[in-house]
Structures are given as C-alpha cells and as structure tokens.
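A.B. asks:
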Amino acid sequence: MTPAVLAVLVSGLGAGTAHADTGTALYVDNVAANCSDTGPGSQAEPFCQIQPAAQAATAGDIVHITGNNTVYAPVTISSKGTADAPVRFFAVAGNGTAVTVAGGQTTGITFSGAQYVDLAGIHASASGATALAFADSQHITYRLATVGTGLHTAATIPAITVDGSSSGIALTRDLVFQSGGPVFASSAGAQDVTLSDDRFSGNVHGGVTAVGTTGIHLAGDTISTVCGNAISLTGGSSGSVENTVVMPGTTTTCSDTGTPAEITVDAASAAQVTEDYNAVNPLSTGTNYDWAGTAYATSRALRTGTGQGVHDLDQTDLTIPVTEWLTEHSPLIDSGDANAPGELSTDYYGKPRVNDPLVADTGTGDSSYDRGAMEFQDPFTVSGIAMSPRAAYVGVATTFTAKVNNPWSDSLDGASYAFDFGDGTTTTSSTGSATHTYTQDSGNGYVQAAVTVDRADGTRLGTSGFITFGVTQPPGPDAGLVCAQDPSEPRTASCAFTATGYYRMTSDRITFGDGSAAVTVTGSSGSTTHAYATAGTYTVTQHITDSDGRTATATTKATVGPSYMVTSPKRILDTRHGTGAPQRPVGPGRVVRLKVLGAGGIPTSGVTAVTMNVTDADATASSYVTVYPDGTSRPTASNLNFTAGRVNPNLVTVRVGSDGYVDLYNAHGDVDLIADVEGYFTSVPRTGAHLSGLYPLTTPERDLDTRNGTGVPKGKVAPGSTTTVTLRPGSSSAVAGVLDITATGGTTSGVVTVYCGSRPSTSNLNYSAGQTVSNLVVTPVCNGKIEIYNSGGHVNLIADLQSLYTTGGGPFVPTSPTRFLDTRNGTGAPAEPLGADGTLTVKVAGVDGVPADAGAVLVNLTGVAPTTATHLTAYGDGSLPNVYNDSLAAGETRPVLAVLPVGADGCIRINNAQGAVNVIADLEGYSG
Numbered sequence: 015m016t017p018a019v020l021a022v023l024v025s026g027l028g029a030g031t032a033h034a035d036t037g038t039a040l041y042v043d044n045v046a047a048n049c050s051d052t053g054p055g056s057q058a059e060p061f062c063q064i065q066p067a068a069q070a071a072t073a074g075d076i077v078h079i080t081g082n083n084t085v086y087a088p089v090t091i092s093s094k095g096t097a098d099a100p101v102r103f104f105a106v107a108g109n110g111t112a113v114t115v116a117g118g119q120t121t122g123i124t125f126s127g128a129q130y131v132d133l134a135g136i137h138a139s140a141s142g143a144t145a146l147a148f149a150d151s152q153h154i155t156y157r158l159a160t161v162g163t164g165l166h167t168a169a170t171i172p173a174i175t176v177d178g179s180s181s182g183i184a185l186t187r188d189l190v191f192q193s194g195g196p197v198f199a200s201s202a203g204a205q206d207v208t209l210s211d212d213r214f215s216g217n218v219h220g221g222v223t224a225v226g227t228t229g230i231h232l233a234g235d236t237i238s239t240v241c242g243n244a245i246s247l248t249g250g251s252s253g254s255v256e257n258t259v260v261m262p263g264t265t266t267t268c269s270d271t272g273t274p275a276e277i278t279v280d281a282a283s284a285a286q287v288t289e290d291y292n293a294v295n296p297l298s299t300g301t302n303y304d305w306a307g308t309a310y311a312t313s314r315a316l317r318t319g320t321g322q323g324v325h326d327l328d329q330t331d332l333t334i335p336v337t338e339w340l341t342e343h344s345p346l347i348d349s350g351d352a353n354a355p356g357e358l359s360t361d362y363y364g365k366p367r368v369n370d371p372l373v374a375d376t377g378t379g380d381s382s383y384d385r386g387a388m389e390f391q392d393p394f395t396v397s398g399i400a401m402s403p404r405a406a407y408v409g410v411a412t413t414f415t416a417k418v419n420n421p422w423s424d425s426l427d428g429a430s431y432a433f434d435f436g437d438g439t440t441t442t443s444s445t446g447s448a449t450h451t452y453t454q455d456s457g458n459g460y461v462q463a464a465v466t467v468d469r470a471d472g473t474r475l476g477t478s479g480f481i482t483f484g485v486t487q488p489p490g491p492d493a494g495l496v497c498a499q500d501p502s503e504p505r506t507a508s509c510a511f512t513a514t515g516y517y518r519m520t521s522d523r524i525t526f527g528d529g530s531a532a533v534t535v536t537g538s539s540g541s542t543t544h545a546y547a548t549a550g551t552y553t554v555t556q557h558i559t560d561s562d563g564r565t566a567t568a569t570t571k572a573t574v575g576p577s578y579m580v581t582s583p584k585r586i587l588d589t590r591h592g593t594g595a596p597q598r599p600v601g602p603g604r605v606v607r608l609k610v611l612g613a614g615g616i617p618t619s620g621v622t623a624v625t626m627n628v629t630d631a632d633a634t635a636s637s638y639v640t641v642y643p644d645g646t647s648r649p650t651a652s653n654l655n656f657t658a659g660r661v662n663p664n665l666v667t668v669r670v671g672s673d674g675y676v677d678l679y680n681a682h683g684d685v686d687l688i689a690d691v692e693g694y695f696t697s698v699p700r701t702g703a704h705l706s707g708l709y710p711l712t713t714p715e716r717d718l719d720t721r722n723g724t725g726v727p728k729g730k731v732a733p734g735s736t737t738t739v740t741l742r743p744g745s746s747s748a749v750a751g752v753l754d755i756t757a758t759g760g761t762t763s764g765v766v767t768v769y770c771g772s773r774p775s776t777s778n779l780n781y782s783a784g785q786t787v788s789n790l791v792v793t794p795v796c797n798g799k800i801e802i803y804n805s806g807g808h809v810n811l812i813a814d815l816q817s818l819y820t821t822g823g824g825p826f827v828p829t830s831p832t833r834f835l836d837t838r839n840g841t842g843a844p845a846e847p848l849g850a851d852g853t854l855t856v857k858v859a860g861v862d863g864v865p866a867d868a869g870a871v872l873v874n875l876t877g878v879a880p881t882t883a884t885h886l887t888a889y890g891d892g893s894l895p896n897v898y899n900d901s902l903a904a905g906e907t908r909p910v911l912a913v914l915p916v917g918a919d920g921c922i923r924i925n926n927a928q929g930a931v932n933v934i935a936d937l938e939g940y941s942g
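Just so we're aligned, residue 15 is where the sequence shown starts under our numbering, counting upward by one.
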C-alpha cells in the first residue's frame, strides 16, 4: 500500500455519514495473544478473524479491525443494518497500519445478502479470483481501501463484481491496481451503483464494465488502463459519466488487436447515459469514444455526432501526465461539474474542493471541482524559516521568520504562526516572526525549529517549515595580530590586527614590548605602525575587551632591524698603499682603526653595519683578524684566518661604532689588510634608495659549476673572461644576491670579481694555481643575472646561491660576534674533530639572543686543519644539498661567512666531506 493511501486511511475513516453510536463495539486482532473466534469480541478478548465479528454484528454495531503485519482470512459479510443504524467495519492501527483481507484463489471480501454496511479502510486482495464481490446486497459503502488481484489473474476475472440482485452500492475513494482483468463489472439487474473519486491504475487490464445496470454513476474518477476500454456501459445500462479522467497506463504499447475505445456506450444504453466534463487521452492506436456503435476520435466529433461530451477535453486539449498529479494551469482544474451525480465534496485524499485563482473557471457551480480523483490544492507552502542573526547564540535573542511560498496570494489576515524552537519552548505569533533566547548550547548536536501556519478558521496552510542549526556561545572575542617590517621603513614594525566577536569591542590596546606606551586602535581590523629605537625581536601584545566584559589576548613577534643597501664595491682600506690607514703592514697585536661612514659611498650617518670583503696579504706568520665596532671590547671570535704567504679573503658584516669607525685586529706577525665595502645596513629611510631585506633560501642552490656544465657550457673559464650567471627563477626582482663563490683548479694565480653593471676594480676571491678557495659574496643583481670576471689563468668556477636581498625581505639584526661552536674545546659539540661525511647538529634558535622563530642566521664558519682536502656544507634541515660553504686544503685553516636557514627544529647542520676537521662557528646576526 502506498504512503498516500495510508494517509487517507488514517485521516478519513470517520468521514462517512454520521450515525449515533448506539450499537456494540466489537474488536478483531489476529495477533493478540488472547484473541478467540469463539470469544466475546471485546477489546480485552478480541476475535482473531473478521468472519466471527461479521456474523456477530447487528444494526448499529462497529467492528474495529486491527491492522497488523499479517493478513486476515477471507470473509463473507451478511450483516444487516438499517439506514439509521448501519453495521460499520473500521480499520485501526496495530503493529502495522493496513488491514488486508487476502483471498488467494478465493474472493477476499464477499458481501452476500448484506444490507446497510459501511466498510472503511479494509483492503481486499486475491491472486486468482475476484477480490471484492457484492451478491444480493443493498446499501453497501466500500471506501478508503485498495483492491487488487495481481497481474496474472485471468483477463475474464474482474477485481470487483456486483451481481444483478444488488443495489445501492457505493465505491468511493478507493484504489484498484495491478488487475489482470477488468477493474469492475456489474451484471444485468444491478441498480444504483456509484463509483466516485476512485483511482484505477497500475497496469489494470480494462476498467469499468456495466451490463444492464440501472443508475450507474461515475464521478471524479481517474482511470488508466493498458489497452483502452476504461468505461463500457452496455445492455441497456443507464447513468452518467462525469468529471472522470481516462488515459493510458504507464505501458506505452498494447498487444491486443483492435484496441477498444476508452469510453464505450452501446446503442441500447446511449439514450439513458449522460457523458460530460470528462478528459480522455487514448492510446496512439486507440480511439476516444464508441457511442451507439460509432467511433469518435475526438470530443468535438462526439459532440457533433451525438450532443454528448459538450465540455469534454481530449488529446487535442492536453496531455494528462501518467503520474495523475495535477499541475498549476492544467485545464483539468476548476472545470468539473459540481452537480455531477455521485460527486463527493472531497477528493480521493479527503481534501476539500478549492477554487484556483490562477485558472479560469469553466466548471459549474462555484467552479471549485477539478476533473479526476485528485483536487489541485492551494500550493501555499511554508518553505522554511529565516534566522536573524543567521546563527543562534546562548543569551542572544534570535528572531525566526516563517518563509512562505504563496502563489495564490492567500490572505494571511488573522493567520497564526505556531513556532517550536526545538528546546521545549513554543510560542504563537500573528506576524510570522517570533523571537527566542536560548539558555544553553546544543553541544555536538543540533536544534530544529519548526513553524506551522493556520488560517483564522483553524485550517492548516501548507506543511510545516523547518530549520536545523547549532546553538553555540557567542563568538569571540578573538584577537589577531601579525607584525612585519617593510625594508623601506627600517626598524619600523607594521602590525595588522583584527578584533572580532559578537559583542562590540570596548577596548583594543596594543603594546610593542619595548616599554613604550600602549596604543589604542579601533575597528574590527586595521593596522598600526611602531618605530623601535634599536634592532631586535620584540613581543607585541594585543588586549581586547568586549561589551559583555569578555577579554582576549593575541601575541606575536616583531623582528625589526636595519635594511640593506647594496653598493658597487669600493676599496676603503689597503695598507699596502695607505688607503684608509698608514702605508705599512699591521703588526702583531695591532689594531687598524678604519673610518667607514662617509667612505666608499657609505652615508655619513644612519648606518648601523657594513658588509666588507676583508683580505690578508703578505702575512709573515699564521694569524687571524677580528673585525669589530670601534669603541667596544674586542670579541673572542675571529673573521679571517690565514697562514704565512697566502692571500685569503672573507666577507665580514660588522656593526659600526658610534664614532663611524670599525677596528681590525691582527693577532700574530705582520700582514697587509685590504677591505672592499659591498653594502651597508641603515636604520634611516632613504628616498630613492633600493632598501632591501634578507630573503634566505630554504635550501641553497647551485647556479653555476663549470666542471659539469651547470649554468654554462662545461669547461674552465679563460683568462680575462666574464661569465654571466642566471640565478634561480624568481630572482629577477632581487636587489642583491648572497652567493658562495668557489675557484678551483686554476692554471695560474688570479682574482675573481663578482658584479653586475660596470665591473669594479676590487676583487672578491684570490686564488693560486691548483688551489681550491671560496668566499661569500654580496653582489647587486641585474634582472636576475650576475657577472663573474676571472683575471688569471684557466679556472673552474662554482656559484652557490644562499640568499637574496629583496624589497619584500625580512629585517637583519646584527649581533656582537659570539662563538657558539668550537670542536677543539667542546663548545656546542663534543671536543673532537668532525669525521668524514659526519654532520654536526647545532641549536641556534633561542640561543645567544637569536629568537626561537628566526628564519636564518649569519655565521662565520671556519674549518681548522683538516687531515685531507675537504669542504664543509652548512644547511638547515632536509637532505644534504649539493653545495659548498668552505673549501679547505689539507692542514689549512680558513673562515667563510654564510647565511644559513634555520631548520624546523631550530638547528643548523654542518657536514664534512673528507677526512677529519675541527669546526668553529661564530654568530654575527640573524634574520626574522
């Protein structure tokens, strides 16, 4: 049974003619533990089957039959009631909803000699016989039920039969489906038979057949058959066919030859039958009418030939959907005859007759009757509920508004809206809106609010509308804070903030971690700036308070420092020629005081540190050089290590003393010192200057290796040649590049100069024949390219890109040189040389003033006296990159400056390729 039929059963059992309940109530329940067919049929001890109840029932009695998940045995009803006190059989719900009488090879329900009986909701079925039979019975109503015989029942066996001795038979609001034979057949002599608001569908083979039946009336039925023959009135039958819809079933083909007409009235019956206000769609192989032996293909032809069917509709007017459901603007709407014999005031589903204001009235009376078994109802729906705010919060009033779809523009004056807020609270509103405040959240579950709309007379409009949602605490307050430095504004942090939440913010204050006064900001988002007096990493804190008194805090780190200005290399110190200092070697324990502000293109003020390439020449003994700010204590760290007779360069970044000088200390012997400035760090914004910040690479990248053809064709570069190197993709916007440059396998001595644009007179690297030497270089970048000039013999060149300076890079914070690793004495690692393919992991983040979230560190890396030629590679984490930082000959001690990314664990890693070597690392600064 379909859900729609079940709904009819539940809602319509009491919709028959009203009678006084003066009789006895009998009960039938075939699954009750104490049921008995010989018992009293009481509620306490019901009958097991319907038959004993039918035999016991007398005028005025009501038999209540429980619907279970089992069927009842066939029954023959011979009960006799009276017009004022009929015998009534009603279905009631049990552990199932349907009451079905299954006949199998015999008739399910037989009325034999019965009088004045009302049967409602009792379904009849059989598989090889008639399911419902009326024999010598009068004034019987069978309603709100389904009847079926199955598709395999013989074509000659009707689902319902009325014999010639029966009269006053009414079949109303019934469904007959899947019948192998005709739906209905009445025999000659039957009288006063009414079929109204019934549905005959679902592959039925033949519809209503009446032979010699007096007063058969079909009103408001919907009949769909497989092979035509929906209605056949013959043998002198009389009556009417009105408001009925006839159409093919879902099967689109018919195997029968000579498909009969949908409506047939023979010559003996034609004068006594009225046919009007129907709608007929035949099979493509069939025809509409056969009237008095003449076929009529259309309703117009029938009207012309017989005067019948004046208001009929046919296939020329509409195509009836096989679903039987009406849709807005269908010609079937409001076009029926309100006075059709046998027509009911409600439709198949018990719905009232309604007038559709969007369809022209073409029926009789108030034109509220539609054709067929279903009345098109007011499409008014409650489509849902709108919420404001769109989320529900504890303690916050939420307004719910019914969302309605009202195509008929129904007047809602006096309507009431019943709201259920889903938390056990309800209210009724006359405006369509209601406000509710939830007192607790829904946790991990949800709340469903519902609304129903009733007219002023209490009738329901449409169905309920729903909305499902969670109830939570009001959001926020939530504070958000991010700070960064733009290189164009050195030592200035730009902080973007957010302050969000349900309630209005009453206070939003930011402190910058340097002891300055808090700043008050407003708005749900925005930005503010703060200039710091000194470079470093600071904790910035945002405190917010909302109007509900709730608070929230956000903190972030702001690293600020000077910005870098790359310059064309200029020589500002050369003791061999008296440049920047007296023309004489620097003796043991002596200091060269070098003025840097105002020298070599460096401004006279606003400079915090300089980057210089420092070179030793003509040393008389092995020694080291320490470069540090003038006016400060000399640190224990060194910048340059060398042996007698060797020329060694190293890049140095050193803070400038308050007087504009830096000092260069020589430990042993005599040595000439050379310094070429390559750029400087400034804390002063400079109009037109290309200020930049450091952008360290996560993994160093080899952009040139002439030994294997990386970046250029394979082979040593020639004397006096210039090699163009294209840096990694994305470097075209870089202001400067930080590269480790290596020369190896030279045939004679020479120098290497790295630049872009015009070649300077300075050098970055000095090499001897057969020597492998490397140095860190900071060079301007032109459109992503640099140039490398070789002055000496044929030599292989290697360039490993470590970092970039870009206009979007981060600040660099120079620090006092601090030794954090020395394997000679156990500083930062065991006191033992690093072996072949050995790797040291050294913590740098959170150590020696480096913040925990530093992105990179500037380190002076020194290899001391390796047992064989080797190279050191320093990196953050991940796999060992194919680059070098420090290339060393056996027994050599050599430093090199390196920009090293900090690994996710806050460490850097140093790998030794061959032999054993002691390793020293001095911290020179960090990048935020």
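Note that beta-carbon positions come from the ideal geometry of N, C-alpha and C, so glycine has one too. It should be emphasised that the depicted structure is a prediction, and the values quoted were computed from it without experimental measurement.
1. Just verifying my parser: in three-state terms, what is the DSSP assignment at arginine 669?
2. Count Cβ pairs between the segment 753-762 and the segment 799-812 that sit closer than 8 Å; are there 3 or more?
3. Nearest to proline 10 by alpha carbon, out of Ala309, Tyr889, Val42?
4. Check for me: the alpha helix (DSSP H) holding serine 978 runs from which residue to which?
5. Check asparagine 925 in the structure and name its three-state DSSP category.
6. What is the DSSP secondary structure of serine 530, reduced to helix, strand or coil?
7. Can you give the beta carbon distance from threonine 740 to lysine 730, rounded, assuming they're within the 8 Å contact cut?
8. For valine 22, which of helix, strand or coil comes out of DSSP?
9. So what does DSSP say about threonine 589, is it helix, strand or coil?
10. Tell me tyrosine 303's beta-bridge partners as DSSP assigns them.
11. Express the C-alpha separation of isoleucine 79 and threonine 482 in angstroms, rounding to a whole number.
12. For the candidate residues Ser530, Asn899, Ile347, Asp43, whose alpha-carbon lies nearest to that of valine 373?
13. Buried or exposed for glutamine 462, please, with buried defined as at least 16 other CB atoms from any protein chain shown within 10 angstroms of its CB.
14. Which class does serine 478 belong to by DSSP, given the choice of helix, strand or coil?
15. Using only the alpha-carbon positions, how far apart do leucine 902 and threonine 525 sit?
16. Give me the Cα-Cα distance between leucine 937 and valine 873, rounded to the nearest whole angstrom.
17. Straight-line CA distance for proline 865 to lysine 728?
18. Of the residues Ser210, Val621, Gly242, Cys62, which one's Cα is nearest the Cα of histidine 231?
19. Which residue comes first and which comes last in the alpha helix (DSSP H) that contains glutamine 205?
20. Measure the CB-CB distance between proline 710 and valine 913 and report whether it falls below 8 Å.
21. What do you get for arginine 404, buried or exposed, if any count of 16 or more other CB atoms within 10 angstroms of its CB means buried?
22. To the nearest angstrom, how far is the alpha carbon of aspartate 361 from that of aspartate 212?
23. Just to confirm before moving on: does the CB-CB distance between threonine 236 and serine 215 stay below 8 Å?
24. Are the segment 599-618 and the segment 671-678 in contact at 8 Å, needing three or more beta carbon pairs?
25. For threonine 618, is the classification buried or exposed, using 16 other Cβ atoms within 10 angstroms of its Cβ as the cut-off for buried?
26. Excluding the 5 residues flanking valine 218 on each side, which residues of the same chain have their C-beta closer than 6 Å to its C-beta?
27. Between Asp150, Gly869, Trp305, Val749, which has its C-alpha nearest serine 283's C-alpha?
28. Report all residues from its chain with a CB closer than 6 Å to the CB of serine 313; omit the five preceding and five following residues, and keep chain order.
29. Quick one: using the 10 Å Cβ neighbour count with 16 as the cut-off for buried, is glutamate 389 buried or exposed?
30. Among Asn797, Gly203, Ser92, Thr738, which has the Cα closest to the Cα of valine 131?
31. Would you report the Cα separation of serine 582 and alanine 532, rounded to the nearest angstrom?
32. Assuming the contact rule is C-beta atoms closer than 8 Å, proline 172 and glycine 195 should be a hit. Round their C-beta distance to whole Å, please.
33. Evaluate aspartate 384 with the Cβ neighbour count: other Cβ atoms within 10 Å of its Cβ, from every protein chain shown; 16 or more gives buried, anything less gives exposed.
34. Buried or exposed for alanine 128, please, with buried defined as at least 16 other CB atoms from any protein chain shown within 10 angstroms of its CB.
35. How would you call arginine 474, buried or exposed, if buried means at least 16 neighbouring beta carbons within 10 angstroms?
36. Between which two residues does the beta strand (DSSP E) carrying proline 831 extend?
C.D. replies: If we stick to the structure as given:
1. strand
2. yes
3. It is not possible to answer for residue 10, since the shown part of the chain is limited to 15 through 942.
4. Because the chain is modelled from 15 through 942, residue 978 falls outside the range shown and cannot be assessed.
5. strand
6. coil
7. Wrong, their Cβ atoms sit about 20 Å apart, outside the cutoff.
8. Low local confidence applies: a pLDDT of 43 at valine 22 is under 50, so the model's placement there is unreliable, with the coordinate-based value given in what follows. DSSP places valine 22 in helix when its eight states are reduced to three.
9. coil
10. Ile277, Tyr310
11. 39 Å
12. Ile347
13. exposed
14. strand
15. 49 Å
16. 5 Å
17. 43 Å
18. In terms of CA proximity to histidine 231, Ser210 leads the group Ser210, Val621, Gly242, Cys62.
19. Following the DSSP letters along the chain, one finds glutamine 205 in no alpha helix (DSSP H) but inside the beta strand (DSSP E) bounded by residues 205-210.
20. yes
21. exposed
22. 9 Å
23. yes
24. Three or more Cβ pairs closer than 8 Å define a contact, and the segment 599-618 meets that threshold against the segment 671-678.
25. exposed
26. Ser193, Val197, Thr239
27. Trp305
28. Gly323, Asp326, Asp328
29. buried
30. Ser92
31. It is roughly 42 Å from the alpha-carbon of serine 582 to the alpha-carbon of alanine 532.
32. 5 Å
33. buried
34. buried
35. exposed
36. Looking at the DSSP string, the run of the beta strand (DSSP E) that includes proline 831 is 826-836.
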